[in-house]
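A.B. asks: Here you go, one structure.
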Amino acid sequence: ERVDQLAVSRTDLIEAVDAERRRIERDLHDGTQQRLVSLALNLGLAMATRPDLSGDAREVIAIAHLEAKEAIAELNDLVRGLHPAVLEDRGLDAALSGLAARTPLPVRLRVDLEERVAPNVESVAYFVISEALTNATKHANAMRVEVIVRQVGEVLRVRVTDDGLGGADAAAGTGLTGLAKRVGSLDGAFHVSSPVGGPTTITAELPCAR
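Take 1 as the starting number for the sequence shown in the numbering used here and just add one per residue.
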């Protein structure tokens, strides 16, 4: 009975943290992000509609305009890192399609879901794939990536394979360690196969029974 109680408490905690992450994402997207966009627009209008500005004033406004746009880009990355809105609104398939489109490498994506799984399972699957794509882009010197997501009964299976240099170590304190903990929080299984010379395959199996 105690084990059952702890399992329920852990599930409730995970769901509460995920809900808070989504709230922060909405607040940033609907509040801070929109104010930065408005600021950037006003600075751009000031440069376009005030030909009487001195050279020094125009330079200061141009710098501020550039910094505002860079802040918007950084905030976009932060918001997606917290919890992408499309994941909540349209589900894992749509969110992964957007993620693949933003990845500078060619990504072959295949998603086979019987139905939408629980939000916390969607979230963990998304971040496993996001981190794997980031690693393939920044560290593996890969040329292409394949992502397969399948629901088999009550298990969601995720597999990401890249043709990069290999040598990734999930026990080395990298982002893979955090992914293993995320997957473990759902009683899932996480595995990394990455021999030197490649390829690297990251797999996760997540229980998705509602």
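C-beta: ideal position from N, C-alpha, C; glycine also.
1) In whole angstroms, what is the alpha-carbon distance linking alanine 48 and leucine 41?
2) So is asparagine 141 buried or exposed if we call it buried at 16+ other beta carbons inside 10 Å?
3) Over what stretch of residues does the beta strand (DSSP E) that includes aspartate 162 continue unbroken?
4) Between which two residues does the beta strand (DSSP E) containing arginine 108 stretch?
5) From threonine 32 to valine 196, what does the alpha carbon distance come to, in whole angstroms?
6) Hey, quick one: how far does the beta strand (DSSP E) through serine 54 stretch, first residue to last?
7) Use the C-beta contact count for glutamine 151: other C-beta atoms within 10 angstroms, 16 or more gives buried, fewer gives exposed.
8) Once DSSP output is grouped into helix, strand and coil, what is the label at proline 119?
9) For histidine 65, count neighbouring Cβ atoms within 10 angstroms of its own Cβ and tell me buried if that reaches 16, exposed if not.
10) Using only alpha-carbon positions, find the residue among Arg22, Val192, Pro84, Thr161 that is nearest to glycine 175.
11) Following the continuous alpha helix (DSSP H) through glutamate 88, name the residue where it begins and the one where it ends.
12) Per DSSP, glutamate 146 forms a beta bridge with which residues?
13) Output the distance between the C-alpha atoms of glutamine 5 and glutamate 131, rounded to the nearest integer angstrom.
14) Distance check for leucine 206 and aspartate 187, CA to CA, integer angstroms please.
15) Between Ala168, Val155, Val147, Ile63, which lies nearest to alanine 161 when the distance is taken from Cα to Cα?
16) In whole angstroms, give me the CA-to-CA distance for glycine 166 and proline 84.
17) Leucine 248 to alanine 73, Cα distance in whole Å?
18) Assuming alanine 40 is part of the alpha helix (DSSP H), what are its boundary residues?
C.D. replies: The answer reads as follows:
1) CA-CA distance, alanine 48 to leucine 41, rounds to 10 Å.
2) With fewer than 16 other Cβ atoms within 10 Å, it is exposed.
3) Residues 155-162.
4) Taken as a continuous stretch (DSSP letters only), the beta strand (DSSP E) holding arginine 108 covers 107-112.
5) Cα to Cα, the separation comes out at about 44 Å.
6) No beta strand (DSSP E) holds serine 54; DSSP gives it neither H nor E.
7) By the 10 Å Cβ count, glutamine 151 comes out buried.
8) Note: proline 119 maps to helix in three-state DSSP.
9) Burial call: buried.
10) With distances taken between Cα atoms, glycine 175 lies closest to Val192.
11) Element bounds for glutamate 88: 85-90.
12) When beta bridges are read from the DSSP output, glutamate 146 appears opposite Arg108, Thr161.
13) Between the alpha carbons of glutamine 5 and glutamate 131 lies a distance of about 32 Å.
14) Spanning the two alpha carbons is a distance of roughly 7 Å.
15) A small fix is needed here, since residue 161 is threonine in this sequence, not alanine. Ranking the options by Cα distance to threonine 161, first place goes to Val147.
16) Going from the Cα of glycine 166 to the Cα of proline 84 covers about 29 Å.
17) The question about residue 248 has no answer here: the residues shown for the chain are numbered 1 through 210.
18) First-last of the alpha helix (DSSP H) with alanine 40: 33-49.
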